[in-house]
Structures are given as structure tokens and as C-alpha cells.
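To keep things clear, I will list the structure first and then write my remarks on it.
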């Protein structure tokens, strides 16, 4: 009855058009309905045969809102469901999406939809990495406030994401520049401070002497000049805040072994951390026996031998020679460039209380990133040589026993221990006394988090003349940013100009004090955001431990490879810290990691370095040249950029080809971790367009067969037709197995699409009686549509709407009252799993059958593996050895492989 009313609606539109003198609205089987909202089945009740550009637009316009409404909110109440947390790196709100955004969010959206269909409780959250220098620069340039600039960009980008039909868990949205988020960033900073992991020391910064301000590295050009004033940037020592990430280096290095393969990223993490073989130890400094109040931290690879120290070495570039140290002049007087210089300064080890002289080494660069190290002649020939040259006394603390074992002597309570036991005991004692001892590498530095900018999380510390640095009480958080309207970019941190905000009472003694005017590096905001997504509305703590324990770790983390070192390291550090604070039970935040490649556009560049637009290049000759000057042009592929004239506007591309087509193109053009070279004329785009048309044609054929008036009767099929149905059943189960594996194991969604393409081609070749009467064919068409749904949700929703109305259904296991995205993911039939593990593969050479070989079922669809097995077989050795194989074709459906060889 409902279908009849829809048809009636169509004819009403038809009559209105003819009465008003409109065009004929029936054309080649496709009905275009002037004056009606849509021309697709879901609106008209009449199936459209041809899948044209207009059909694609109609389908997406109809289904876009409905699919969005289907995305229900997630409740943690049902703990019986397994969870799946898919997380894509959140964007900086620049105001405009680029194709890199489209790629990462298409991948996460596809996997989230797949996992929902598998019955998982899924979150796929989204938020905004909203603090940072670009917004502040925009405020200075446009005379705007960073907050208004950022919020307007968020609003615009949110609309863009919605237009792409992405099913984010928007009820979990977070924005790092809002006080309800950065309150908890400040809370975590204070926890780090209380744990001895946040501290201040002098460090080099980029200083603009004209604008009198600190510059980020991004604000210094390749010539070392300021981006604004053009002045030569100076290196200046300022007191800066650090987070002691080195304290977790060894734990984070060791934890990598327990994580699944991250496709090269684990190696990058391991290299960034370095070999954790030593530690830093703290020293106080004396001159002529008087304590100066200055401290020094130095590294040794052999802390167990610390009682054999002869000296503490610093580099000529050390802050003690260049910063605001009270000992600067003492060190500079002792310095003789090019020589190892003994100084009158003595370093007192805060663990052993042993004293040793400070030496300025002649060489400017130490191992790794060090600028100070402990000299121990017993374990370093280089240190022994220096001690001998300068006449420095020391004790031999290592003795070797006849069996080759090394043990300590002259080492207080560690005497008699073997070196390994002494290493553990000494570093543990140092950590307990908070005088160093964290096992780390000689290349890893602590994280400098101070930024002398406005648009960032205020560091929640107060500087008191009497008490020193004092954390803001937790009950007084957040320390919100003052509202500053004038941004000049001069005079250091803009926060320093807000005197009413800066001047405050010390939380400890209530005396006059000043707030910290540095803000935090934006990497701090993004180092813990994955926790906040688990409990984004919590007003009492950063997150509820039970909720975090339920959702964490993130099952799949997706983002650009450029963030696979620093951001990932900082995020892992925060997770380890929160674990040790008993805030969460998991140490590692991310289980599987997928670092997707870039989308690159073609660039045309002159020898001068100038980039040209494609229209300015003459491509008709043997080499590309500038159309006007005839200069040779270099053609290459680079990351998309407006300045390189190789960018692609996502909205323009979606408007031209449709959401599903762009989704399929991005997923099909390359494996996720590989770069995509964007060329819509010759690349994968035509292929995915044709596939959508084949899917439409396949469902159209099925609908027409069932609408012919003959009800399906499987019993009328001949033995040959039943065998054809059986082949389709086997093919369906094989495809389900392989596509599921791609979604859950290697994330090669391009291969998953290839499998579905091959499956649809096989279904299109089915005989007419099989199409009408075979339950295997019906099941295969339905399974194909369901498996394509996470990748192309709009077209498959419309195809499913057509399948729902087909009379005489033979497959009752689908939820026919629900949409395609609410269907259960197809499962492999138990009978298929009970089949023999071996397939007899027919081998053809130049289209002539030559015999068969047994092939394991699990690899029978992999052409490369079958090819290799044939060559290794007795038949292959006899018939193919020494022959030139030009091409190989595998047909999994018919279990044959054909070798084309040159005789």
C-alpha cells in the first residue's frame, strides 16, 4: 500500500509538470521530477535504473540527514557489549579542511561504522586543538581576538565535517581553549609539579631584539631573522618551565615491546628515546668551599661507578657560562677556548656527598644532546685520559674477578655488589631522595613547555618573593586567561601587560606575588585529550577512572606520520604518569596505531623555485616548459599547499563527485599508510565511479527480476544452476573472511574494496534464473551491500531501501525493517569453515590446462602466494622453470591460475 501511494505521488508530479507545459519527465527509464524534492526510490517509490551524477546527488541529499540521525549516543551502562575506541587526531581549527583531514576522518569513520555493525559499543570522538600561535598571529594581523577567530573557525569546520557525512560522537566534543578543558590541563601540571616532574631552569630562546619578544621556531625564517621585524634573532637565556619526560624514558622504551606492530612507528619512538643505559644525577656547586646556591645536573652511562668520579664536565655552551648564573664570570675567567679547563668550582654529588672539580671541555658537542656529564675514569678511557692530563685524583671502583664477573669496590654500601645490582640499587636510592636516578638515554631532553604567548593554557603557578614558586590551589582552578584586546606582538608575553591579572596574593603566605605569565606548549593540551573524551562533561576531575578504564586504551589511533614522534611520545608520557597517579589502570594509551600517508598534488616549479599554476605550463613537448618564457619546468608531487598551486578544495571535489565517490577514492587509491598522488583524471576515481554504477546495476537487475511477477522458487533450479549458486556462496564466505580481516588486522581498506569489486563482478555474471530463484544469490547481494556500507553509506542506504521492497525474500536473517547501517556485519557460515583446508588449484599455461596443485584455503585468493606455490611445486619446476612469465591471472572463484609465458 505504501509503495502504491509513493507511485501515486510520482504521477501527481508528472501531471503537474505536463499541465504547466513542463518537459517529458520519463527518459530512458529514469524519472526526473520537476517540482518534487527527489527523484530516487526512497522518495518516489519507483526505482531509478541509471546511476548518474544527478542520482548520486539525489541519494546523498536524501540520506545525509537520515544517516546522521541514526548515529545514536553512546551509553556506558551496557558493559556486556565489547567496546571499541577509534580516535583520529583532532585538528587545529584553521577555518578550512584540507584533503589530509578528509583522508584521516574518512578512515576513522569507516572503521567506526564497521565496528558498530559488528555489535561493538563504539566511540569515534572529535574535538579541537584550539590553542596555539597561528590564532594569535591571526589576531595581530586582523585586529581580532584569538578567541573569536578560533570559535568562528570551529563553527565553520564543524559544518564542513557534517557535510562530509562523518559519524563522530559529537556529544563528546572537546575544545582545548575552553576553561572546562584547560582547567584539567592545569590540574595535571600541578600534579606533575607535586611529583617533582615539573620544574624551572634557564634555557635558550629565540629573542627578537626589535620587538622585544620571544619567538617560536616557526617565527624564525631560514636566514635566522624574525618573521615580523626582520631583525636577526638572538639566542637568549630565560627561565623556562620543563616537564621531566626523561623520568619515564626507560619505562616507555620497555613498553614498546608489548605493543602490536605500529608499521615502523615503534622504531621511530625507540630511536627518539634512545638507549636507556644511564641517568642524570644532581650536584650542588661550591667555590672556595662556600655553597653558592647553584645546582648542576650531569649524565653518566655508568651510575653504579659514581664513587669513582674524577670530575664533572660541562660544554663551552652550557648555561652556566651564558645565562644568569652567579657563577658565570667565574667560569668565563677559567675558560681558554680550545682547551680542557679546570675551574675553581666544585660539584658536590647530592647522593654520595663526594666532591669533584668542574671542568670545561674543549669540544663544543658532547654525546647525544648532553651539555654536562660525569667523568668516571674506571669506566671511560676518555675520562681517564682527561683526569691524567689535569692531574685529577680518583678511585678505581671496578674489579674483575677470575670468572670475568665485575663487582664494585670503594663504593660505600654498594661495595661487593655486581655492576647490575649496584646500578639498580643506586638509581633507586637517587630517585627516592629526588636527586636524579631516572634511567634514560644521553640523547633525550626534558620537555620545555614554556611559551611566551597569550593564546595558550596559563601555567598555574605563582611567584612569591618569600615562598618561591607556589602552585595555585586546586580549588582555585582554572586560572583563566585575562581578556586582552590589543595584541602588538612586542614586549615578551602578552599576559605580562595584564597587571590586574598578574598581581595576586601568594596562596601560601598571602603576601604580594605575581602569576606566571608563560603559557603552555599546545602539545600539553593534546597529550591527554584521549582521556577527556571518555568523560568530557566531568566537572569534578579530568575524567572518571571507571569510565577511562572501560574505554581505554584507544583501540585504534589514526593520524599523520608527522606526529608519530613528538606528540606520540608526550601522549605516552602523560598516560604513564596518570597510571602512576592511580588515575587509570593502563600504562599505554594506544593499542594499535595507523599513521596515514599524505595526499600529494602535482607541482610545477621553475629553476628559481617559483611555483606555477598548471595553466601556465606547456605540457605538449618532450619536456614541460613555462608557456611564456619557455623555461624548463620541474614536475613533481608534493604535499598539497595553496602556495604551491597544487591544493584541492574538499568542498569543490565533493560537490563535483559526491561524498561516497570521494570516500571510496580515498580508501581505494592506496593503503592508508601510503601517500596518495591526487590525479582525478587518470587515477582511482574513475574506477570507484564505475564500481558504484555496477553496484547499482546489480541491485537493479535483482529488483527487476523479482518485480517480474514470478515469485522465487529455489526448487526449480537445475543441478548446474545449483552449483553456480554454491560457487557464489563460497565466494561470499571467502570475501567476508578477507574483508573482515582487512578491517580488523592490517586496515588495507583498498584491498577490501578490491575484494568487493571482484565479488560484484562475479554476481553480475550470474545467469538470469539464478538471479531470480537462488537464495545464495540474494544473500550474496545483501552481504555485498552491507559490507560496502561503512565505506559508501549513502548509495548503500538507497540500495538497501530498494532491496527491502523486493517481494518473496529468501533470506530471513537480515533485519529488514532496519537500514543498512544497522545491519549486523555478515558472518562466515559455519559450513564454510568446515570445508577442507586445501583447494585444488588448476594450473594453466597459455590458457592450456596442465594439472593441479594443492593450495591452502587461506591463501587461495592471494595471487602472489599462489604464484609462488606453483613455481615451488613439482609441476611448476617441470613446466615453468627457466621460462619467461609475462603475466599471471588468478581466478579464485573457479580455483585456477593462468600463466602467460613466452616460449
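In full-length UniProt numbering, the protein residues as written are 1 to 903.
All C-beta atoms in this analysis are idealised placements derived from N, C-alpha and C, irrespective of residue type, glycine included.
By Cβ distance, which residues of its chain are closer than 6 Å to residue i, with the 5 residues on each side in sequence left out?
i	result
residue 694	760
residue 671	748, 750
residue 138	149
residue 592	260, 556
residue 220	206, 233
residue 832	733
residue 630	none
residue 318	371
residue 516	459, 461
residue 265	564, 593, 595
residue 84	115, 120, 122, 555
residue 160	97
Closer than 8 Å by C-beta to residue i: which residues in its own chain qualify, once you throw out the five before and the five after it? Chain order, please.
i	result
residue 888	863, 867, 897, 898, 899, 900
residue 228	208, 211, 219, 489
Where do the N-terminal and C-terminal ends of the beta strand (DSSP E) with residue i fall, by residue?
i	result
residue 412	Looking at the DSSP string, residue 412 is not in any beta strand (DSSP E), and its letter there is neither H nor E.
residue 283	278–287
residue 316	Counting along the chain, residue 316 falls outside any beta strand (DSSP E), and DSSP gives it neither H nor E.
residue 199	198–208
residue 558	554–560
residue 673	Careful: residue 673 lies outside any beta strand (DSSP E) and carries neither H nor E.
residue 345	341–349
residue 578	Segment 566–580 is the alpha helix (DSSP H) holding residue 578; no beta strand (DSSP E) there.
residue 384	That residue, residue 384, is in no beta strand (DSSP E); its alpha helix (DSSP H) goes 381–390.
For residue i, count neighbouring C-beta atoms within 10 Å of its own C-beta (all shown protein chains included) and say buried if the count is 16 or more, exposed if not.
i	result
residue 387	buried
residue 509	exposed
residue 566	exposed
residue 101	buried
residue 47	buried
residue 877	exposed
residue 699	buried
residue 418	exposed
residue 718	exposed
residue 641	exposed
residue 884	exposed
residue 383	buried
residue 486	exposed
residue 854	exposed
Which two residues bound the contiguous alpha helix (DSSP H) that contains residue i?
i	result
residue 750	749–764
residue 40	Here residue 40 belongs to no alpha helix (DSSP H), and DSSP marks it neither H nor E.
residue 161	146–163
residue 868	863–872
residue 443	No alpha helix (DSSP H) holds residue 443; DSSP gives it neither H nor E.
residue 92	Element bounds for residue 92: n/a, residue is neither H nor E.
Please state if the CB of residue j and the CB of residue i are separated by a distance shorter than 8 Å.
i	j	result
residue 439	residue 249	yes
residue 117	residue 825	yes
residue 355	residue 343	no
residue 477	residue 465	no
residue 703	residue 554	no
residue 241	residue 525	no
residue 784	residue 756	yes
residue 169	residue 124	yes
residue 836	residue 773	no
residue 455	residue 141	no
residue 350	residue 283	yes
residue 274	residue 442	yes
residue 128	residue 154	yes
residue 309	residue 243	no
residue 658	residue 49	no
Here's a check: name, in chain order, each residue in its chain whose Cβ is nearer than 7 Å to the Cβ of residue i, leaving out the five neighbours to either side.
i	result
residue 427	279, 303, 437, 439
residue 846	900, 901
residue 59	40, 794, 795, 798
residue 307	352, 354, 395, 397, 410, 411, 412
Of all the CB atoms in chain D, is at least one closer than 8 Å to the CB of residue i?
i	result
residue 262	Protein chain content of the structure displayed is limited to a single chain, and chain D is not contained in it.
Query raised in the report: Are the stretch 293–303 and the stretch 169–179 in contact at 8 Å, needing three or more beta carbon pairs?
Result: no
Report task. Say whether the stretch 78–88 touches the stretch 624–638, bearing in mind that this needs 3 or more beta-carbon pairs closer than 8 Å, one atom from each stretch. Result -> no
Requested in this report: Report yes or no: do the stretch 390–398 and the stretch 320–332 share at least 3 C-beta pairs separated by less than 8 Å?
Outcome: no
Query raised in the report: Is the number of C-beta pairs between the stretch 568–584 and the stretch 539–553 that are closer than 8 Å three or more?
Result: The way I'd put it, the stretch 568–584 does touch the stretch 539–553; three or more beta-carbon pairs between them come closer than 8 Å.
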